Amino acid sequence: MTAIDARTGPPRPSAHPGTTDLTTPTEQVLLAAPAENFPVASRLLPAATRDHLNALYVFGRLVDDIGDEAPGDRLALLDELAADLELIWSGGEPKLPVHRRLAHTVRACDLPAEPFRRLVQANRQDQIVTRYDTYEDLVQYCTLSADPIGRMVLGVFGLATPARIALSDRICTALQLAEHFQDVAEDLAAGRIYVPLEDLEAFGVTETDLAAPVASPAVRHLMAFEVARARTLLDQGAPLVNLVGGRLRLAMAGFVGGGRAALDAIRRADYDMLGGAPKAPKPRMAAFAAAAWARSLVPGQAAAARAAGTAVTASSTTAPSTTAPSTTAPGAAAAGGTGSSGPVPSGTIPTTIPGRGAAVASTVPAPAPAGSDVDVPEGAR
Ligand SMILES: CC(C)=CCC/C(C)=C/CC/C(C)=C/COP(=O)(O)OP(=O)(O)O
692 MTAIDARTGP PRPSAHPGTT DLTTPTEQVL LAAPAENFPV ASRLLPAATR DHLNALYVFG
752 RLVDDIGDEA PGDRLALLDE LAADLELIWS GGEPKLPVHR RLAHTVRACD LPAEPFRRLV
812 QANRQDQIVT RYDTYEDLVQ YCTLSADPIG RMVLGVFGLA TPARIALSDR ICTALQLAEH
872 FQDVAEDLAA GRIYVPLEDL EAFGVTETDL AAPVASPAVR HLMAFEVARA RTLLDQGAPL
932 VNLVGGRLRL AMAGFVGGGR AALDAIRRAD YDMLGGAPKA PKPRMAAFAA AAWARSLVPG
992 QAAAARAAGT AVTASSTTAP STTAPSTTAP GAAAAGGTGS SGPVPSGTIP TTIPGRGAAV
1052 ASTVPAPAPA GSDVDVPEGA R
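Numbering (our numbering), first residue to last: 692 to 1072.
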C-alpha cells in the first residue's frame, strides 16, 4: 500500500499523563454495554448467544473508541490492548474486564484469535493511513476493519465454514464501503478519504471537490461508480442468507437489506453525500430486509447459495481477491438490478473508468449468478 501516512493531528493531552491506562475507556464501554447491544443480539436469541454477541460488540466498541477518540497515544493504547487480548489464547488472565468477558465467549465458541487481531490492526492503520490509492488497498483495509465482525458472528453460531466466511467477507466489506460512501463529508472533515484516489483521478475529482457543500457532476459520477461496485459485492455475498437458518437468517437478511438500503439512499440523494450522510428511512430498510429474507424462501435458493458459496470459496480464501469481472451500470445496480438508473445528473452513467477504458470492475470474482440476490420488490423502492 502506498497511502499517505500521517498521524491524525497533533497529539492531544492525555487524560492520564505518562500512562496508557485503559481502565477508564474500558469501564465506560462496559457501563454503556447494556444500552448498546449488538443489533443482532435480539431478545429472541438464546441468552448465551446474546451474551456472546454482546461480548464481541463491547470488544469492538472498545477498540473502535480507542482508535477514533482516545486521548493521548492511541497506538500505545492499542498495543497495550493487543497484549492483553493475546492472553485469552495464551492461557493467561487478561487485565481488561472486556477481555475477561470475551475470554468466556472465545472458549465457549472456540473462536480463533485472527479476527480480533485484525480489528486491532485496522485501528492501528486508522492512526497512520488517511488515504487509499487503489480499490484493492481499500478492500484490504476492510478485511481488517469489517470482515472480522462477520467471522466472529459466524463463529458464535458455529457456522464458520470456508464458504460462509467467503460470502460473509463480501457482505462485511460492502457494508463498510457503504458506510464510508455515506460518510464522505464526515470522514473528510476528520482528514480521511475512503474513496480510492485512483478513482478520484479517473473521474476528474479533486479533494477540494469533495470539500464542496454540493457534489459536482464529476463527484456524482464517481460515487455512482463506487456505489455500483459495492452493490455488486453485496449481491455476491447475499447468498449467505440461505446458508444460515433460524433467527440468524433474519439477521443476515437485515444486514444485506440494510446495506442495500444504505446504497439506495445514496442513489436517491442523486449521489450527493457532501451535505451529510444520506440515510435510508427505517421503513425502507425494513422493506429491503424483508425482500432479502423473502428471496431466501424461494425454492432452489439454498442450492444456488451453496453453489455461490463454493464458487467464492474457490476464488478466495481469507480476503477478496483482485481479479476483476465487469458489473452492471451503476444506476441499474443501485436500483436493484431493474435498469432504473436513478436521477444521476448530466445524463450518462459511466460503466467505464474514464481514461482507463476498462469496464466497471469489482475486485472480487462473481459467484454463480443463480446465487445472486438482486431483486427488490416494487414496494421497497
Ligand atoms: C455474518 C455477518 C455477515 C455478519 C454481519 C456483521 C456486521 C454487522 C458487519 C458490519 C461490518 C462493518 C460495517 C463494520 C464497521 O464498523 P463501524 O460501524 O464501527 O465502522 P467504523 O470502523 O468505520 O467506525
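The beta-carbon is built from N, C-alpha and C at its ideal position, and this holds for glycine as well. Keep in mind it's a predicted model, so treat the numbers as computed, not measured.
Could you compute how far the alpha carbon of residue 903 sits from the alpha carbon of residue 757?
The sequence position of residue 903 within the sequence shown is 212, counting from 1. The sequence position of residue 757 within the sequence shown is 66, counting from 1. Approximately 30 angstroms between the Cα atoms of the pair.
According to DSSP, is residue 656 part of a helix, a strand, or is it coil?
The requested residue 656 does not occur in the structure, where the chain is confined to residues 692 to 1072.
Three-state class that DSSP yields for residue 759 in the structure shown:
Within the sequence shown, residue 759 is the residue found at index 68, counting from 1. In the structure shown, residue 759 sits in a helix (DSSP, three-state: H, G or I).
Does any heavy atom of ligand 1 sit closer than 8 angstroms to the C-beta of residue 928?
Residue mapping note: residue 928 aligns to position 237 of the sequence shown, counting from 1. For ligand 1, at least one heavy atom lies less than 8 angstroms from the Cβ of residue 928.
Closest Cα partner of residue 996 within the set 789, 809, 929:
Mapped onto the sequence shown, residue 996 falls at position 305. Checking every option, the nearest Cα to that of residue 996 belongs to 929.
Should residue 819 be listed as close to ligand 1, given that the test is whether its C-beta is under 8 angstroms from any heavy atom?
Counted from its first residue, the sequence shown places residue 819 at position 128. The answer is no for residue 819.
Environment of residue 1021 [buried if 16+ CB atoms lie within 10 Å]
Residue numbering aside, residue 1021 sits at position 330 when the sequence shown is read from its first letter. Confidence at residue 1021 is low in this model, with a pLDDT of 34, below 50, so its placement is unreliable and the value that follows should be read with caution. Result: buried.
Cα separation between residue 911 and residue 963?
Taking the sequence shown and counting its residues from 1, the one referred to as residue 911 is at position 220. Taking the sequence shown and counting its residues from 1, the one referred to as residue 963 is at position 272. The alpha-carbon atoms of residue 911 and residue 963 are separated by roughly 6 angstroms.
From residue 994 to residue 838, what distance separates their C-alpha atoms?
Taking the sequence shown and counting its residues from 1, the one referred to as residue 994 is at position 303. Taking the sequence shown and counting its residues from 1, the one referred to as residue 838 is at position 147. Distance between the alpha carbons of residue 994 and residue 838 is about 24 angstroms.
Start and end residues, alpha helix (DSSP H) containing residue 852:
As a first step, residue 852 must be located in the sequence shown, where it is residue number 161. Note, residue 852: premise wrong, no alpha helix (DSSP H); not H, not E.
For residue 966, which of helix, strand or coil comes out of DSSP?
The sequence position of residue 966 within the sequence shown is 275, counting from 1. Coil.
Between the beta-carbon of residue 986 and the beta-carbon of residue 736, is there less than 9 angstroms?
As a working note, residue 986 is residue 295 in the sequence shown. As a working note, residue 736 is residue 45 in the sequence shown. It is not a contact, given that the beta carbons lie outside the stated cut-off.
Local conformation of residue 805 per DSSP, three classes:
Indexing the sequence shown from 1 puts residue 805 at position 114. The three-state reading of DSSP puts residue 805 in helix, counting H, G and I together.
May I have the straight-line CA-CA distance separating residue 795 from residue 880, to the nearest angstrom?
Here the question's residue 795 lines up with position 104 in the sequence shown. Here the question's residue 880 lines up with position 189 in the sequence shown. About 39 angstroms.
How many whole angstroms separate the CB atoms of residue 971 and residue 981, which I take to be in contact at a CB cut-off of 8 angstroms?
For the purposes of this step, residue 971 is identified with residue 280 of the sequence shown, where counting begins at 1. For the purposes of this step, residue 981 is identified with residue 290 of the sequence shown, where counting begins at 1. That belief does not hold up - the Cβ atoms of residue 971 and residue 981 are roughly 13 angstroms apart, past 8 angstroms.
Keeping to the same chain, check which residues put their C-beta closer than 6 angstroms to that of residue 1036; ignore five residues upstream and five downstream.
By one-based count along the sequence shown, residue 1036 stands at place 345. Bear in mind that the predicted position of residue 1036 carries a pLDDT of just 37, short of 50, making it too unreliable to give a figure here.
Would you kindly report the start and end of the unbroken alpha helix (DSSP H) that includes residue 899?
Working through the sequence shown from its first residue, we reach residue 899 at position 208. Its alpha helix (DSSP H) spans residues 898 to 902.
If you count every other CB in all the chains shown that lies within 10 Å of the CB of residue 759, and 16 or more means buried, which is it?
The residue you call residue 759 lines up with position 68 of the sequence shown. By the 10 Å Cβ count, residue 759 comes out exposed.
Under 9 angstroms between C-beta atoms of residue 869 and residue 954
Working through the sequence shown from its first residue, we reach residue 869 at position 178. Working through the sequence shown from its first residue, we reach residue 954 at position 263. Going by C-beta atoms, residue 869 is nearer than 9 angstroms to residue 954.
Can you tell me whether residue 890 is helix, strand or coil according to DSSP?
Within the sequence shown, the letter at position 199 stands for residue 890. Helix.
How is residue 839 classed by DSSP in three states: helix, strand or coil?
Residue 839 sits at position 148 when you count from the first residue of the sequence shown. Judged by DSSP in its simplified three-state form, residue 839 adopts helix.
What did DSSP end up calling residue 883 once you bin it into helix, strand or coil?
Position 192 of the sequence shown, counting from 1, holds the residue named residue 883. Note: residue 883 maps to coil in three-state DSSP.
Buried or exposed by the 16-neighbour rule on C-beta atoms within 10 Å, applied to residue 1008
Residue mapping note: residue 1008 aligns to position 317 of the sequence shown, counting from 1. Because residue 1008 sits at a pLDDT of 39, beneath the cut-off of 50, its placement in the model cannot be relied upon, and the following sentence gives the value as read from the coordinates. Burial call: exposed.
By alpha-carbon positions, which one of 835, 747, 803 ends up nearest to residue 814?
Residue numbering aside, residue 814 sits at position 123 when the sequence shown is read from its first letter. Measuring from the Cα of residue 814, the nearest candidate turns out to be 835.
Going straight from the alpha carbon of residue 800 to that of residue 845, what length do you get?
For this step, residue 800 is matched to residue 109 along the sequence shown. For this step, residue 845 is matched to residue 154 along the sequence shown. Taking the straight line joining both Cα atoms gives about 10 angstroms.
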